[in-house]
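No gaps in the numbering here: position 359 of the sequence shown is 425 in our numbering, and each next residue is one more. Contents: one structure, followed by commentary.
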Amino acid sequence: MTTVGILGGGQLARMMALAGAPLGLRFLVMDTSAEACAGQFVPMVVGDWRDERALAEFASRVDVATFDFENVPAESAEWLAARIPVFPAPRSLAVAQDRLAEKTLFNELGIGTPAFAAVDKRADLDAAVARIGLPCILKTRRLGYDGKGQFRLKAAADLDAAWAALGAQAGKVGLILEAFVPFEREVSVLAVRGRDGVFRAWPLTENWHHDGILSASMAPATDAAGLEPAAVAQARKLAEALDYVGVFALELFVHEGRLLANEMAPRVHNSGHWTIEGAETSQFENHLRAVLGLPLGSTAAVGLSAMLNWVGTMPAAGPVLESPAGHWHDYGKSPRAGRKLGHATLRSADPATLARELAAVVEALGRWQEFAPLLARLRAERIG
Ligand code: AMP
């Protein structure tokens, strides 16, 4: 009996454990909070990431460890990796934890990014804005996610406010200034690499964000510009450079027919939740297969999927449960503004049915406006 340890006990760990049950796996999660939602049905060690006693207990009870949370301190991941197999390796985590290291690596590998500059002090911000131009975005280098730790600058008058908002972080986690990309669309490559180096990517996913938080995804994305092979090649180059093992997401902006990499998530990713029902093998199962050295499953899509995120409040389940296309996921978390509480995936064999079911669900939930861009894309590009 193999026990997989997961650092972080959120919804990603929860969905991983669900995917691992048919493989006969057992799980143990570690989290800093006893309320972590995977702990509702997975045994859990509660402890601080830097608590060696808790880490030692976790290590003694698992055969292999992986992550649902990329901000586990790199030293803690290394401490564990010295004792048990850990995938992905701590270096992948360290690179992805730091927006500056990550974008620098992207550029070294020939993966284009928005223009960026490190900002460590106020004078750096002035110089960076002068070089990169407006509009731009100031972000924390570390510990930012879901749009947290970001400040958009539209005019020179915004510099003081940006520094007031994030300047205190400059000495702690560092800052990075990025050109604001007026992208036409956002896509992600969800890919998996096995211990033996076998690489597979799911079909390209298109994503929509609200306030920096993923709102909806659709896959397979339409790719009129034919960018998918280049996007997948970039993901592969990155995985090989990091000797990456497991699932990861590469988030890209599409702007004027070009791909610009925003960030890499060194774990299963929200933009891949559609794979649970919409692909032959889900991201969660393939992640487990990869970290255990098992053969990877097919990443082919099954039909067309739209994923709707429930952020802040859970809507009524009824309309999704009643839809023949609907699949409901409630993470069992208590509501809080900006918190991801669940999602729904609607999957159909054909775009017209998907559009109809999607329209019925969002109408019944009164969330028409939120998902209008997804519906508009579906109708404009798939239904002739
Ligand atoms: P991040 O936390 O970097 O993934 O940013 C969250 C979201 O903010 C992205 O998915 C984009 O929608 C938006 N965003 C971040 N960086 C940029 C950028 N340089 N240009 C335009 N939009 C951005």
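Glycine included, each C-beta is placed from N, C-alpha and C at the ideal position. Given the structure is predicted, the values throughout are model-derived calculations rather than measurements.
Quick one: does the C-beta of residue i sit closer than 7 Å to a heavy atom of ligand 1?
i, result
"I242", "no"
"H275", "yes"
"P361", "no"
"P180", "yes"
"A245", "yes"
"E317", "yes"
"I203", "yes"
"E252", "yes"
"E329", "yes"
"G278", "yes"
"F249", "yes"
Taking the beta carbon of residue i as the centre, do at least 16 other beta carbons fall within 10 Å, making it buried, or is it exposed?
i, result
"E351", "buried"
"I177", "buried"
"K238", "exposed"
"S8", "Lying before the first or after the last residue shown, residue 8 is absent from the chain, which here runs from 67 to 450."
"A131", "buried"
"K399", "buried"
"Q77", "buried"
"R207", "buried"
Whose C-beta lies closer than 8 Å to the C-beta of residue i among residues of the same chain, with five residues either side of it excluded?
i, result
"R445", "A421"
"E322", "E250"
"M110", "G75, L94, V95, M96, D97, A100, A102 and A104"
For residue i, which residues from the same chain have a beta carbon less than 6 Å from its beta carbon, with the 5 sequence-adjacent residues on both sides left out?
i, result
"A474", "Lying outside 67 to 450, the shown extent of the chain, residue 474 is not represented and no answer is given."
"G312", "F153, P154, H353, A356 and V357"
"P454", "Nothing about residue 454 can be read from this structure; the chain reaches only from 67 to 450."
"R333", "F133 and E136"
"D129", "T68 and T69"
For residue i, which residues from the same chain have a beta carbon less than 7 Å from its beta carbon, with the 5 sequence-adjacent residues on both sides left out?
i, result
"C202", "V195, L219, L243, E244, A245 and F246"
"I198", "A181, A183, L243 and A245"
"P417", "L370, L444, R448 and I449"
Three-pair Cβ contact test at 8 Å for the region 275–288 versus the region 371–387
yes
Quick one: complete beta strand (DSSP E) runs, 3+ long, within the region 92–128?
92–97 and 110–112
Would you call the region 153–162 in contact with the region 306–314, where contact means no fewer than 3 C-beta pairs closer than 8 Å?
yes
The region 223–238 in contact with the region 165–176 per 3-pair CB rule at 8 Å
no
Any chance you could list the alpha helix (DSSP H) runs of at least 4 consecutive residues sitting entirely within the region 185–222, in chain order?
188–198
Evaluate the contact criterion for the region 352–362 versus the region 383–394: three or more CB pairs, one atom per stretch, below 8 Å.
no
Indicate whether the contact test is met: 3 or more Cβ pairs, each with one atom in the region 323–343 and one in the region 411–418, closer than 8 Å.
yes
Cβ contact check for the region 214–229 and the region 183–193: 3 or more pairs under 8 Å
yes
Using 8 Å as the cut-off, can you tell me whether the region 429–443 makes contact with the region 399–409, which would need three or more C-beta pairs spanning the two stretches below that distance?
no
Sequence ranges, beta strand (DSSP E) only - wholly within the region 319–379, length at least 3:
324–331 and 370–377
Taking 8 Å as the threshold, find out whether the region 139–153 comes into contact with the region 289–305 through three or more Cβ pairs.
no
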